[in-house]
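A.B. asks: Its first residue numbered 207, the sequence shown is counted upward by one per residue in our numbering.
All residues carry an ideal CB built from backbone N, CA and C; glycine is no exception.
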Amino acid sequence: MPTNMISASSAGTWTLGDLTVNRIGFGAMRLTGNGSAASDRARAVGVLRRAVELGVNHIDTAAFYFSPLRSANELINSALSPYADDLVITTKVGPGRDPSGEWLPLARPDQLRGQVEENLRQLGRDHLDVVNLRQHGLDSVAEHFGALAELRDAGLIRHLGLSNIRPQHLAQAQAIAPVVCVQNTYGVDTRRMHDQFVRTCGDQGVAFVPFFAIAGDGREAGGVAANAAVQAIARTHGATPAQVRIAWTLSRGPHLLAIPGTGNPDHLVENLAAGALVLSPDDLASLE
């Protein structure tokens with residue numbers, strides 16, 4: 207497909223509260239190098255600007271996405287500020303890292319305001335579009351989510367979401383404030399135990415935003431998880447395995463949002479082109 211015909215709008219849109227986003231967005235984690243050699247700064251800035259030029263209006267980030275030389279939030283600020291009116295930036299709080307990069311314990315509810323303010327400073331915003339509470343090890347998210355709901359009421363946050371949760375956490379949060387999205391691991395290789403929860407989110411109008419959908423078990427290491435069925439379908443369509451994985455994600459329901467990340471401008475274009483890739487019933491059956 208010619209580059210001038212590629213657009214993030216090819217897979218349609220979904221709404222996060224009152225914010226409309228294209229279903230293919232961009233994940234900023236890989237811009238920092240994420241433990242490996244960081245992408246060239248100018249190239250990272252260029253990838254972000256190119257993504258927006260190609261219709262990306264949903265960017266996923268976090269203040270804890272940084273390497274010794276790069277901060278995802280700072281790159282987004284440098285590349286895209288002043289921000290377009292339709293650009294939705296989603297961030298997450300809960301985890302934290304000290305300046306040397308060492309992970310800190312999950313933030314207490316009273317520490318979440320500081321994390322929200324850190325994102326505001328780094329992004330150069332006076333409010334955050336969407337903030338996900340990323341939990342780890344909590345039986346109940348009510349106290350943490352309640353603290354974020356107070357920040358929403360104070361005008362620092364527009365909409366709230368959840369990340370890395372179990373199904374009961376969604377109900378706990380919704381008893382406090384509306385949830386516009388859930389970010390959980392989900393992909394061709396990791397789906398069966400999560401299928402019902404994905405459907406539940408769709409039934410409730412909650413966006414489901416998978417992470418590690420392309421890397422699979424490779425996770426932060428990057429790359430595309432090996433899968434013989436994916437590779438065979440890619441050959442049939444003249445596509446890349448990453449494109450097949452993105453297309454599969456989008457096929458799981460209109461509320462599925464893809465946020466593939468890359469520091470490579472060519473991979474960016476390939477990822478966005480996946481929005482126009484339609485998998486056949488036979489393709490989908492082979493991925494079962």
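Could you check the C-alpha separation between Arg314 and Val337 for me, to the nearest Å?
C.D. replies: Locating residue 314 in the sequence shown gives position 108, counting from the first residue. Locating residue 337 in the sequence shown gives position 131, counting from the first residue. Cα-Cα distance, rounded: 16 Å.
A.B. asks: Please state whether the Cβ-Cβ distance between Leu310 and Arg303 is less than 8 Å.
C.D. replies: For the purposes of this step, residue 310 is taken as the residue at position 104 of the sequence shown. For the purposes of this step, residue 303 is taken as the residue at position 97 of the sequence shown. It is a contact, given that the beta carbons lie within the stated cut-off.
A.B. asks: Do you know how far the Cα of Tyr392 is from the Cα of Ala355?
C.D. replies: Here residue 355 refers to the residue found at position 149 of the sequence shown. Here residue 392 refers to the residue found at position 186 of the sequence shown. Looking at the two C-alpha atoms, the distance is approximately 27 Å.
A.B. asks: Specify, as a first and last residue, the run of the beta strand (DSSP E) that Gln374 falls within.
C.D. replies: Walking along the sequence shown from the start, residue 374 turns up at place 168. Where Gln374 is concerned, there is no enclosing beta strand (DSSP E), although the alpha helix (DSSP H) it sits in stretches over 373-380.
A.B. asks: Along the chain, where does the alpha helix (DSSP H) containing Ile439 start, and where does it finish?
C.D. replies: On the sequence shown, residue 439 is found 233 positions in, with the first residue counted as 1. From DSSP, the alpha helix (DSSP H) with Ile439 extends over 434-443.
A.B. asks: Give a yes or no on contact between the segment 257-274 and the segment 229-238, applying the rule of three or more CB pairs nearer than 8 Å.
C.D. replies: The answer is yes - the segment 229-238 touches the segment 257-274, with three or more Cβ pairs under 8 Å.
A.B. asks: Relative to the alpha-carbon of His375, which residue among Leu339, Ala419, Gln402 has its alpha-carbon at the smallest distance?
C.D. replies: Walking along the sequence shown from the start, residue 375 turns up at place 169. Considering only alpha carbons, the answer is Leu339.
A.B. asks: State the Cα-Cα distance for the pair Leu483 and Val436, rounded to the nearest angstrom.
C.D. replies: For the purposes of this step, residue 483 is taken as residue 277 along the sequence shown, with counting starting at 1. For the purposes of this step, residue 436 is taken as residue 230 along the sequence shown, with counting starting at 1. Each residue's Cα considered, the two are about 13 Å apart.
A.B. asks: Taking Thr221 as part of the alpha helix (DSSP H), name the residues at either end of that continuous run.
C.D. replies: Against the sequence shown, residue 221 aligns to sequence position 15. No alpha helix (DSSP H) holds Thr221; the beta strand (DSSP E) holding it covers 219-222.
A.B. asks: Within 10 Å of its beta-carbon, does Ala243 have 16 or more other beta-carbons around it, so buried, or fewer, so exposed?
C.D. replies: For this step, residue 243 is matched to residue 37 along the sequence shown. For Ala243, the pLDDT reaches just 47, beneath the cut-off of 50, and the residue's location in the model is therefore unreliable, although a value from the coordinates is still provided. That one is exposed.
A.B. asks: CB Ile452 to CB Ala464, shorter than 8 Å?
C.D. replies: For the purposes of this step, residue 452 is taken as residue 246 along the sequence shown, with counting starting at 1. For the purposes of this step, residue 464 is taken as residue 258 along the sequence shown, with counting starting at 1. Taking 8 Å as the Cβ cut-off, Ile452 and Ala464 qualify as a contacting pair.
A.B. asks: Using a Cβ-Cβ cut-off of 8 Å (strictly less than) and excluding sequence neighbours within five positions of Thr468, which residues of its own chain qualify?
C.D. replies: What you label residue 468 is simply residue 262 of the sequence shown in a count that begins at 1. Here the set comprises Arg236, Val253, Leu474, Asn477.
A.B. asks: On the three-state DSSP scale, how would you describe Phe232?
C.D. replies: Walking along the sequence shown from the start, residue 232 turns up at place 26. Residue state, collapsed to three classes: strand.
A.B. asks: How about Leu493 and Val430: are their beta carbons less than 8 Å apart?
C.D. replies: As a first step, residue 493 is located in the sequence shown; it is residue number 287 there, counting from the start. As a first step, residue 430 is located in the sequence shown; it is residue number 224 there, counting from the start. Going by C-beta atoms, Leu493 is not nearer than 8 Å to Val430.
A.B. asks: May I have a chain-ordered list of the beta strand (DSSP E) segments no shorter than 3 residues that lie completely inside the segment 265-317?
C.D. replies: The segment 265-317 contains these whole beta strand (DSSP E) runs: 294-299.
A.B. asks: Specify the secondary structure class of Arg397 as computed by DSSP and reduced to three states.
C.D. replies: For the purposes of this step, residue 397 is identified with residue 191 of the sequence shown, where counting begins at 1. In this structure, Arg397 counts as coil in the three-state DSSP scheme.
A.B. asks: Return the CA-CA distance between Pro301 and Arg397, expressed in angstroms with no decimal places.
C.D. replies: Along the sequence shown, one-based indexing puts residue 301 at 95. Along the sequence shown, one-based indexing puts residue 397 at 191. Distance between the alpha carbons of Pro301 and Arg397 is about 25 Å.
A.B. asks: Is the separation between the beta-carbon of Ile371 and that of Gln402 shorter than 8 Å?
C.D. replies: If you number the sequence shown from 1, residue 371 lands on position 165. If you number the sequence shown from 1, residue 402 lands on position 196. No, Cβ-Cβ distance for Ile371 and Gln402 is not below 8 Å.
A.B. asks: Tell me the residue span of the alpha helix (DSSP H) that contains Gln389.
C.D. replies: Taking the sequence shown and counting its residues from 1, the one referred to as residue 389 is at position 183. Counting along the chain, Gln389 falls outside any alpha helix (DSSP H), though it belongs to the beta strand (DSSP E) covering 387-389.
A.B. asks: For Arg458, I'd like the list of residues in its chain whose CB is within less than 7 Å of its CB, leaving aside the five on either flank, ordered along the chain.
C.D. replies: Walking along the sequence shown from the start, residue 458 turns up at place 252. So the qualifying residues of the chain are Val404.
A.B. asks: Return the CA-CA distance between Gln446 and Ile420, expressed in angstroms with no decimal places.
C.D. replies: Position 240 of the sequence shown, counting from 1, holds the residue named residue 446. Position 214 of the sequence shown, counting from 1, holds the residue named residue 420. Checking the displayed sequence, the identity of residue 446 turns out to be Thr instead of Gln. Taking the straight line joining both Cα atoms gives about 11 Å.
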